[in-house]
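Below is one structure, written out as structure tokens; the observations come after it.
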Amino acid sequence: MHFRIEQRPEPSARMRVAAPIVATALTLLVGSIVFAALGHSPLATLHAFFIAPLSSMNGLSEWLLKASPLILIACGLAVGFRANVWNIGAEGQLIIGAIAASGVGLFYPDPESVLLLPLMFVAGALAGMGWAAIPAFLRARMNTNEILVTLMLTYIAVLFLSWLVHGPWRDPAGFNYPQTALLPPAAMFEPFDYAYRLNGSVFITVVAVVAMWLFTDRSFLGYKMSVSGAAPLAARYAGFRESAAVWTGLLAGGAAAGIAGMAEAAGPLGQLSSQISPGYGFAAIIVAFIGRLNAFGIVLGGLLMSLLFLGGDSVQMTLGLPSALTRIFQGILLFFLLAADFFIFYRIRPLREHA
Amino acid sequence: MDLFIAIFTGTIIAATPLIFAALGELVVEKSGVLNLGIEGMMLVGAAFAFWGVIAGLPMPLAILAGALAGAASSLLFGVLALTFLTNQYAAGLALAIFGSGLSAFIGRGFGSAPIDALDAIHLPVLSDIPLVGPLLLRFDPLVYLALFMFAVISWFLYRTKAGLVLRTIGESPETAHAIGFPVIKIRYLAVLFGGLMAGLGGAYLSVAYTPLWVENMTAGRGWIALALVVFATWRPLRVLLGAWLFGGMTILQLQGQALGLGVPSELLSALPYAATIVVLVIISQNRQMLALHFPASLAKPFRPAN
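Quick mapping for you: the protein sequence lines, in order, are chains A and B. The opening position of the first sequence corresponds to residue 33 in the working numbering, with each subsequent residue numbered one higher. The opening position of the second sequence corresponds to residue 7 in the working numbering, with each subsequent residue numbered one higher.
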């Protein structure tokens with residue numbers, strides 16, 4: 033029996049829905065095989081990875097707490113990705129946003145001001161945008177590849193943060209740990225319940241998701257950007273300026289990442305430290321793709337990715353498995369998802385033998 | 007004089023992993039494929055080579071293990087990009103993330119003890135010639151292998167028929183397919199070669215450059231290699247020059263840290279990354295030069311009709 037791959041006349045709507053489900057199922061399957069190979073019962077490990085983290089109130093709180101920055105950043109990035117603007121330096125923009133916000137929180141003259149949190153929000157957003165404005169300017173004006181610039185700026189941001197928390201901003205009373213003093217209470221999001229860490233910053237993410245949906249599905253600029261991504265030549269004939277897409281895409285990603293950084297410092301961490309992000313900026317790229325660059329898909333993708341982070345911690349604590357498994361699963365999930373997408377546009381048909 | 011020798015040899019050594027990785031990526035991109043996963047492949051290569059040394063393999067076999075692991079990991083990208091026609095940016099990023107996770111996973115049992123580094127060669131008489139010996143004839147074998155690969159790749163791309171076919175595929179896969187060349191197969195081979203070279207570059211880091219295991223020890227060199235290919239406007243000699251330039255930057259900032267110039271070490275460490283941006287900006291101004299050597303089908307999925 034021979035098979036032949038042929039293009040579908042129309043992209044398959046059914047496969048579009050099935051692809052992420054198939055990809056997740058295959059990731060679980062590969063995960064089970066890996067766990068079995070490591071000498072752990074696959075079922076018990078899968079339970080520890082995907083079920084146990086969600087079976088307590090604290091787990092649910094952590095799930096949303098980690099999903100929130102992922103979804104927020106992915107929404108911002110997807111605006112650019114739709115127009116083929118490849119900002120892969122959200123991690124750096126997050127760090128710079130966290131630095132600026134923490135700076136305001138630590139050094140604002142009135143530590144009890146009600147303006148403190150809003151000012152930190154603005155500082156985080158502006159700093160993230162500023163960091164993303166560098167690659168935007170270089171791409172729009174100087175024809176420089178934004179992938180490489182955003183990445184290089186991420187390494188620079190990491191080193192800058194490291195210098196700050198080891199040097200000038202280090203908490204003198206902090207036993208030499210690379211971290212700043214704690215932010216004053218007025219500079220923090222209040223948790224919904226002091227037993228858990230989930231706080232009001234999740235509402236920022238909700239607003240971002242709606243804004244992203246309005247922008248991509250209901251605005252003319254969003255439409256123009258999608259056209260530039262899907263058909264650059266058509267966009268040029270229609271007179272859509274490429275530089276507008278570059279600026280919008282990068283600034284949206286930078287603002288989202290900067291705000292996410294601010295919410296980390298002012299939320300669960302309460303200070304600036306060299307461990308401000310467990311890789312949210314990179315994982316958000318995967319979230320954007322899993323969500324098909326679509327606001328509501330991104331919500332689901334962010335919840336899934338957040339679960340992978342929690343699961344990695346959970347199997348590390350309960351079974352002693354390395355947390356590097358999280359990144360492996362993130363990679364595998366994206367591999368399968370990208371491969372499954374193929375079947376939206378193509379199908380495999382058995383070839384009948386001709387006599 | 008000693009300082010000069012130290013800076014010169016340090017530059018050559020620091021450039022070696024970049025030369026391997028960037029030359030490999032150059033061949034991949036010349037075939038019209040953009041693999042952003044170099045950082046991941048280098049990490050996998052570094053982890054497997056280090057594992058080889060710990061497991062007691064002879065050094066050449068350990069290095070080979072790293073190279074082959076790099077090639078194997080590139081196949082993940084290859085299947086996605088070439089068979090499943092995936093967006094190559096996304097597939098490459100997936101490989102970069104996967105590779106960093108896999109290497110951290112493999113490396114969890116390595117401990118923090120250094121291993122015996124790859125030995126430098128010592129030629130009787132020749133390596134002892136004043137100046138020439140210390141400057142040119144006392145490197146480890148991989149430094150010479152990197153230069154040899156430069157010569158081989160330059161010759162292959164511009165002096166052989168197979169190289170011409172590869173470049174044709176990078177310019178117009180449709181044309182190459184119409185003439186009857188197996189486009190997909192050749193692109194697979196190019197991707198595998200790129201993985202092999204990235205694996206070698208990673209192996210060089212973990213068994214020769216800094217012979218101890220540190221998670222994410224490539225520290226962005228895979229991305230700098232990617233930048234070098236653009237910097238070089240897709241020409242091998244410029245890849246070599248670019249790698250030496252960045253090797254020199256790395257060594258100078260390390261010397262600066264050692265001298266204690268009063269500049270914080272983190273800020274000095276940021277110099278090579280900042281320099282990458284500056285150089286990219288300068289190169290990008292010459293649009294004609296870029297367009298002349300840019301493989302026209304780069305990162306565009308291709309599927310032969312029927």
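Ideal placement from N, C-alpha and C gives every residue a C-beta, glycine not left out. None of these values were measured; they are calculated from a predicted model.
- prompt: Should GLY28/B be labelled buried (16 or more other beta-carbon atoms within 10 Å of its own) or exposed?
  reply: Contrary to the premise, residue 28/B reads as Ala rather than Gly in this sequence. Buried, because 16 or more other Cβ atoms sit within 10 Å of the Cβ of ALA28/B.
- prompt: Counting contacts by CB-CB distance shorter than 9 Å, is ASN19/A in contact with chain B?
  reply: Outside the shown range of chain A, which is 33 to 387, sits residue 19/A, and nothing can be said about it.
task: Run the CB neighbour count on ASN222/B, radius 10 Å, all protein chains shown included, and call it buried at 16 or more, exposed below.
output: By the neighbour-count rule (16 or more Cβ atoms within 10 Å), ASN222/B is not buried but exposed.
- request: Please decide whether THR176/A counts as near chain D, where near means a Cβ-Cβ distance under 9 Å.
  value: You won't find chain D in this structure, because its protein chains are A and B.
message: Taking the alpha helix (DSSP H) that PRO140/B belongs to, which residues open and close that run?
response: First-last of the alpha helix (DSSP H) with PRO140/B: 138 to 142.
field: Residues near ALA315/A in its chain [Cβ-Cβ closer than 7 Å; skip 5 each side]
entry: So the qualifying residues of the chain are LEU102, MET337 and GLN362.
query: According to DSSP, which residues form a beta bridge with TYR95/B?
result: Answer is none; TYR95/B lacks a bridge partner.
- prompt: Which residues does DSSP pair with PRO382/A in a beta bridge?
  reply: The secondary-structure analysis by DSSP pairs PRO382/A across a beta bridge with PHE35/A.
task: Measure from the C-beta of GLU272/B to each C-beta in chain A and report whether the shortest distance is under 9 Å.
output: At least one chain A Cβ lies under 9 Å of GLU272/B.
- prompt: So the alpha helix (DSSP H) LEU369/A belongs to, where does it begin and stop?
  reply: It spans 356 to 377 - the alpha helix (DSSP H) in which LEU369/A sits, taken as one unbroken run.
message: Quick check on this structure: which residue in ASP8/B, LYS36/B and MET7/B has the alpha carbon closest to the alpha carbon of LEU232/B?
response: Looking only at ASP8/B, LYS36/B and MET7/B, the smallest Cα-Cα distance to LEU232/B is reached by LYS36/B.
- request: To the nearest angstrom, report how far apart LEU260/B and SER275/B are at their CA atoms.
  value: For the pair LEU260/B and SER275/B, the Cα-to-Cα distance works out to about 8 Å.
message: If you reduce the DSSP assignment to three classes, tell me which class ASN150/A lands in.
response: The amino acid occupying residue 150/A in the given sequence is Pro; Asn does not appear at that position. It is helical.
- request: Provide the residue span of the alpha helix (DSSP H) that contains PHE26/B, from first to last.
  value: Under the DSSP assignment, PHE26/B falls in the alpha helix (DSSP H) whose first and last residues are 8 to 36.
field: Candidates LEU142/B, ARG293/B, ALA123/B and ALA204/B, of which the one nearest LEU132/B by Cα
entry: LEU142/B is the residue among LEU142/B, ARG293/B, ALA123/B and ALA204/B whose C-alpha sits nearest the C-alpha of LEU132/B.
query: Exposed or buried, which one is ALA393/B when buried takes at least 16 other CB atoms within 10 Å?
result: Given a span of 7 to 312 for chain B in the structure shown, any question on residue 393/B remains unanswerable.
field: DSSP beta-bridge partners of ASN41/B
entry: According to DSSP, which records beta bridges pairwise, ASN41/B is partnered with nothing at all.
field: Nearest candidate by alpha-carbon position, reference GLY344/A, set PRO41/A, LEU283/A, SER73/A and HIS79/A
entry: Ranking the options by Cα distance to GLY344/A, first place goes to HIS79/A.
task: Determine the closest residue to TYR226/A out of VAL154/A, GLY299/A, PRO43/A and ALA76/A, with distance taken between C-alpha atoms.
output: Restricting attention to VAL154/A, GLY299/A, PRO43/A and ALA76/A, the CA atom closest to the CA of TYR226/A is found in GLY299/A.
query: Any idea if GLU222/A is buried or exposed, counting beta-carbon neighbours within 10 angstroms, 16 or more meaning buried?
result: It is exposed - the Cβ of GLU222/A has fewer than 16 other Cβ atoms within 10 Å.
query: Closest Cβ-Cβ distance between TRP229/B and chain A: below 9 Å?
result: Closer than 9 Å: yes.
task: Return the chain-ordered list of same chain residues with a C-beta closer than 8 Å to the C-beta of GLU178/A, the five sequence neighbours on each side being excluded.
output: Contacts found: VAL117, TRP118, ASN119, PRO167, ALA168, LEU170, ARG171, VAL278 and LEU282.
query: Leaving out the 5 sequence neighbours to the left and right, which residues in its chain are closer than 7 Å to PRO52/A when beta-carbon positions are compared?
result: The beta carbon of PRO52/A sits closer than 7 Å to those of ILE322 and LEU369, all from its chain and outside the five residues before and after it, given in chain order.
- prompt: Helix or strand or just coil, what does DSSP make of PRO101/A?
  reply: Helix.
- prompt: For VAL33/B, which residues of its own chain have a beta-carbon under 7 Å away from its beta-carbon, when the five flanking residues on both sides are left out?
  reply: If we look at VAL33/B and ignore the five residues flanking it on each side, its Cβ neighbours are ILE159, ALA196, PHE199 and GLY200.
- request: Below 7 Å CB to CB, which residues in the same chain sit around PHE316/B once its five sequence neighbours on both sides are set aside?
  value: Nothing can be reported for residue 316/B: it is not among the residues displayed for chain B, which extend from 7 to 312.
- request: Could you check if PRO301/B is buried or exposed, using at least 16 other CB atoms within 10 Å of its CB as the buried criterion?
  value: Here PRO301/B is buried, its C-beta having at least 16 other C-beta atoms within 10 Å.
- prompt: How would you call MET174/A, buried or exposed, if buried means at least 16 neighbouring beta carbons within 10 angstroms?
  reply: The residue in question, MET174/A, is exposed, as its Cβ has fewer than 16 Cβ neighbours within 10 Å.
message: Quick check on GLN362/A - is its C-beta less than 9 Å from some C-beta in chain B?
response: It does: the Cβ of GLN362/A has a partner Cβ on chain B nearer than 9 Å.
- request: Step through the CB atoms of chain A and report whether any lies within less than 9 Å of the CB of GLN259/B.
  value: Judged by the 9 Å Cβ criterion, GLN259/B is not in contact with chain A.
message: So with CB distances below 7 Å, who are the chain B contacts of MET257/A?
response: Against chain B, a Cβ distance below 7 Å from MET257/A picks out nothing, because the smallest value is about 17 Å.
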